[in-house]
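Residues in the sequence shown are numbered from 424 upward in steps of one, following my numbering.
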Amino acid sequence: MIPSVLHAPAPGWTTDADVVVIGSGIAGLVAALRCRPHGRVLLVTKALLDAGSTRWAQGGIAAALAADDTPEEHLADTLTAGVGICDEDAVRALVTEGPGAVRGLIDLGAAFDRSGGDIALTREGGHHRRRIAHAGGDATGAEISRALLAELKESGVEVIEHALVLDLLKDATGRAAGVTLHVMGEGQPGGVGAVRARAVVLATGGLGQVFSATTNPEVSTGDGVALALRAGAEVTDLEFVQFHPTVLWLGEGATGQQPLISEAVRGEGAHLVDHAGVRFMTGRHELAELAPRDVVAKGIINRMRETGASHMLLDGRHFGAAMWETRFPTILAACRHHGIDPVTEPIPVVPAAHHASGGVRTDLHGRTSVPGLYACGEVACTGVHGANRLASNSLLEGLVFAARIAETLPGDLPAPLAHTATPPEPEQGGLLEPGLREEIQRIMTSHVGVLRRAEGLEAAVRELEELGRGRAEPGVEAWEVTNLYTVASAIAAAARLREETRGSHWRADFPERADGTWRGHLVTRLAGNALTTTYAPLEGKRS
């Protein structure tokens with residue numbers, strides 16, 4: 424059983440805002456800053472302001488900034504990576520508005536790396552041009568987050584940290600009218616409360632913690648997708664979970680957040696090799712190591728299966744110490760922390776869960792299927808990524824579509840609050856025991872990982888259903904695990920239904936792409952306490 428409302432105490436405090444933004448990555452920060460002219464903005468974040476996924480982004484942000492590059496070329500590379508199911512209008516908005524949005528970050532004070540006075544650009548997988556702007560060598564997300572947080576301090580945006588969002592409030596017409604949330608620890612105000620608002624913007628980030636090993640931080644438990652499902656919103660493309668091909672291998676059975684080895688390392692010329700020193704991606708794709716991420720991840724897994732190896736190797740020894748220290752200082756430090764020196768030895772790598780291409784279904788202005796509820800960043804499915812995200816398009820997507828929400832909001836906002844919204848009646852039970860977190864991750868990793876097949880997906884759905892009879896007491900850990908369970912169930916159901924291989928969804932039993940049958944989207948809804956997933960053929964463009 425999947426709860427339609429989280430079992431929680433009644434709100435003990437209430438506050439009002441015009442817009443409440445949930446999340447403090449690039450999408451949440453930009454949304455909060457850009458919405459500030461429209462009234463009182465309250466930004467709610469699960470941990471500290473800078474603890475989300477943005478600060479972990481190493482490689483950079485993609486945009487057609489070079490003189491020999493164009494938005495049309497960026498569009499073509501994005502559509503190719505998305506394997507036939509991108510929304511072309513959404514991609515066009517991304518690539519045409521992207522360069523100006525990046526320059527806007529520079530105007531805010533974000534210091535990107537320079538080369539001869541110009542922004543230094545590198546290549547990553549799937550890109551035919553050098554269009555990845557980076558900062559601090561391999562600390563792009565941290566620099567963007569720093570610049571946005573500095574702007575936030577002067578903006579008048581109010582902030583509640585250490586707050587887990589629970590459920591959506593609605594008014595009598597079914598429009599979003601705020602959220603319930605729980606402030607953890609010693610935060611003030613404390614405990615469960617309610618924020619009444621004229622608009623709600625979800626920017627809660629990813630869901631990578633649904634798997635045992637991921638590049639995502641601990642806070643990435645799919646809270647936004649789970650909330651949206653409980654609120655009656657449509658989510659789509661959840662089966663397309665991107666596994667980053669080069670994550671530092673920490674040994675058999677390693678779990679939790681794993682160190683990422685940025686695609687920019689390959690963009691600068693590092694080679695993937697097997698344990699015999701063979702460059703196994705050569706001949707598998709015209710771009711070899713710089714093929715789209717799904718192709719490289721599959722290449723690594725296939726070579727591991729062919730050779731019986733537990734991991735592959737990324738060889739950047741030819742860079743030399745100086746380049747490692749200046750271009751990739753963060754990665755160099757992480758590798759050395761784990762006993763690997765990339766200057767003198769290849770880096771052991773394996774794929775791990777990284778980015779959700781799907782999420783809460785939106786139009787080109789961030790509107791979801793629930794009036795007054797918006798979504799941007801990784802929690803959203805704008806149609807940009809299709810079946811496989813093009814490298815470094817994620818920061819750009821958060822930047823562009825958060826701004827689009829702010830631009831459309833004045834025409835969408837209802838009259839000032841009449842304070843008619845009330846919290847939904849909580850369901851008794853339905854919360855999973857916190858100890859089931861590892862079991863959910865085991866099920867998903869075993870059956871819904873990089874390589875999928877019918878019997879494994881059937882087992883995942885069955886085993887998850889057997890877990891869903893919880894009656895845990897309300898609390899942060901129980902709420903988080905219940906969110907993970909909700910999202911895991913939705914991913915497994917969609918993956919079982921899509922009987923083809925497309926992008927990051929790889930079915931061993933259906934190894935070919937099937938445009939005639941599956942060129943479309945799987946849309947998931949929560950009805951009562953049960954998920955329903957239906958196929959929607961691709962039919963034109965979302966407006």
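All C-beta atoms in this analysis are idealised placements derived from N, C-alpha and C, irrespective of residue type, glycine included.
Note to self: Rounding to the nearest angstrom, what Cα-Cα distance links valine 615 and histidine 788 in this structure?
What the structure shows: Those two C-alpha atoms are separated by around 31 Å.
Next item on the list: Helix, strand or coil for glycine 505, going by three-state DSSP, please let me know.
Entry: In the displayed model, glycine 505 falls within coil according to three-state DSSP, outside both helix and strand.
Margin query: Please classify leucine 471 as buried or exposed, where buried requires at least 16 other C-beta atoms within 10 Å of its C-beta.
Written below: By the 10 Å Cβ count, leucine 471 comes out exposed.
Note to self: If you reduce the DSSP assignment to three classes, tell me which class phenylalanine 634 lands in.
What the structure shows: Reduced to three states, the DSSP call for phenylalanine 634 is coil.
Notebook entry, point to check: Start and end of the beta strand (DSSP E) containing phenylalanine 666?
Noted result: Counting along the chain, the beta strand (DSSP E) containing phenylalanine 666 begins and ends at 664–671.
Note to self: Three Cβ pairs or more, each shorter than 8 Å: is that satisfied between the region 553–560 and the region 465–483?
What the structure shows: Taking a contact to require three or more Cβ pairs closer than 8 Å, the region 553–560 and the region 465–483 qualify as touching.
Checklist line | Reference valine 873, options Gly629, Gly539 and Asn811, closest by Cα | finding: Checked all of Gly629, Gly539 and Asn811; the closest Cα to valine 873 is Asn811.
Check: Fully enclosed by the region 517–587, which beta strand (DSSP E) runs are 3 residues long or longer?
Finding: Runs found: 581–583.
Check: Can you find a CB in chain B that lies within less than 8 Å of the CB of alanine 534?
Finding: Protein chain content of the structure displayed is limited to a single chain, and chain B is not contained in it.
Margin query: With three or more beta-carbon pairs closer than 8 Å as the criterion, would you say the region 786–804 touches the region 670–677?
Written below: The answer is no - the region 670–677 does not touch the region 786–804, with fewer than three Cβ pairs under 8 Å.
Next item on the list: Please name the residue in Ala486, Val580 and Cys509 whose C-alpha comes closest to that of arginine 457.
Entry: That would be Val580, whose Cα lies nearest to the Cα of arginine 457.
Next item on the list: Output the boundary residues of the beta strand (DSSP E) element that contains alanine 959.
Entry: Counted as a single uninterrupted DSSP element, the beta strand (DSSP E) harbouring alanine 959 occupies residues 953–960.
Item checked: Anticipated Cβ contact below 8 Å, arginine 537 with alanine 543, distance rounded -> Their Cβ separation, rounded to whole angstroms, is 6 Å, which keeps arginine 537 and alanine 543 in contact under 8 Å.
Check: In the region 433–490, which residue ranges form an unbroken alpha helix (DSSP H) of at least 4 residues, counting only runs that do not cross its ends?
Finding: Entirely contained in the region 433–490, the alpha helix (DSSP H) runs reaching 4 residues are, in chain order, 449–458.
Checklist line | methionine 968, DSSP secondary structure in three states | finding: With the chain covering only 424 through 966, there is no way to say anything about residue 968.
Notebook entry, point to check: Assuming threonine 468 and isoleucine 449 make a contact with CB atoms under 8 Å, what is their CB distance in whole Å?
Noted result: Contact between threonine 468 and isoleucine 449 does not hold, since their C-beta atoms are separated by about 13 Å, which reaches or exceeds 8 Å.
Item checked: Opening and closing residue of the alpha helix (DSSP H) in which arginine 865 lies -> Here the alpha helix (DSSP H) through arginine 865 covers 860–870.
Margin query: Just to confirm, is the Cβ distance from glycine 722 to methionine 424 under 8 Å?
Written below: Judged by beta-carbon spacing, methionine 424 lies beyond the 8 Å limit of glycine 722, meaning their Cβ atoms are not closer than that value.
Item checked: Residues bridged to proline 771 [DSSP beta-bridge criterion] -> Looking at the DSSP assignment, proline 771 forms a beta bridge with Leu736.
Note to self: What would DSSP say about valine 793, mapped onto helix, strand or coil?
What the structure shows: Of the three classes helix, strand and coil, the one that applies to valine 793 here is coil, per DSSP.
Checklist line | Secondary structure of glycine 628, DSSP reduced to three states | finding: Of the three classes helix, strand and coil, the one that applies to glycine 628 here is coil, per DSSP.
Next item on the list: Below 6 Å CB to CB, which residues in the same chain sit around threonine 501 once its five sequence neighbours on both sides are set aside?
Entry: Excluding positions up to five away in sequence, the list reads Val514 and Leu813.
Check: Which value, in whole angstroms, describes the spacing of the CA atoms of glycine 628 and alanine 937?
Finding: Spanning the two alpha carbons is a distance of roughly 30 Å.
Notebook entry, point to check: For cysteine 804, which residues does DSSP report across the bridge?
Noted result: DSSP, once it has assigned bridges, lists Arg784 as partnering cysteine 804.
Notebook entry, point to check: Is aspartate 764 helix, strand or coil when you go by DSSP?
Noted result: Three-state DSSP puts aspartate 764 in coil, outside helix and strand.
Next item on the list: Figure out for me which residue from Phe742, Arg726, Gly597 and Gln680 has the closest Cα to the Cα of alanine 687.
Entry: When each option's Cα is compared against that of alanine 687, the closest is Phe742.
Item checked: 8 Å Cβ cutoff met for valine 802 and valine 623 -> In this structure, valine 623 does not lie closer than 8 Å to valine 802 by Cβ.
Item checked: Residue environment, alanine 959, which counts as buried when at least 16 other CB atoms sit within 10 Å -> Classification for alanine 959: exposed.
Notebook entry, point to check: For glutamate 547 versus glycine 690, is the C-beta spacing smaller than 8 Å?
Noted result: Yes, the Cβ-Cβ distance between glutamate 547 and glycine 690 is below 8 Å.
Next item on the list: Measure the beta-carbon distance from leucine 880 to histidine 870 and round it to whole angstroms, keeping in mind my assumption that it falls under 8 Å.
Entry: The C-beta distance from leucine 880 to histidine 870 rounds to 6 Å, short enough to meet the 8 Å contact threshold.
Notebook entry, point to check: Leaving out the 5 sequence neighbours to the left and right, which residues in its chain are closer than 7 Å to glutamate 935 when beta-carbon positions are compared?
Noted result: Glu923 and Thr924, listed in sequence order.
Note to self: Using only CA atoms, which one of Gly800, Pro432, Leu630 and His605 lies nearest to glycine 821?
What the structure shows: The residue with the shortest Cα to Cα distance from glycine 821 is Gly800.
Item checked: Straight-line Cα distance separating isoleucine 754 from proline 769 -> Roughly 13 Å separates the two Cα atoms.
Notebook entry, point to check: Among the residues of its own chain, which have a CB less than 7 Å from the CB of valine 823, if the five just before and after it don't count?
Noted result: Correct list, in chain order: Ala516, Leu517, Glu520, Gly521 and Ala524.
Notebook entry, point to check: In this structure, does DSSP put arginine 689 in helix, strand or coil?
Noted result: Here arginine 689 carries a helix assignment [DSSP, helix/strand/coil].
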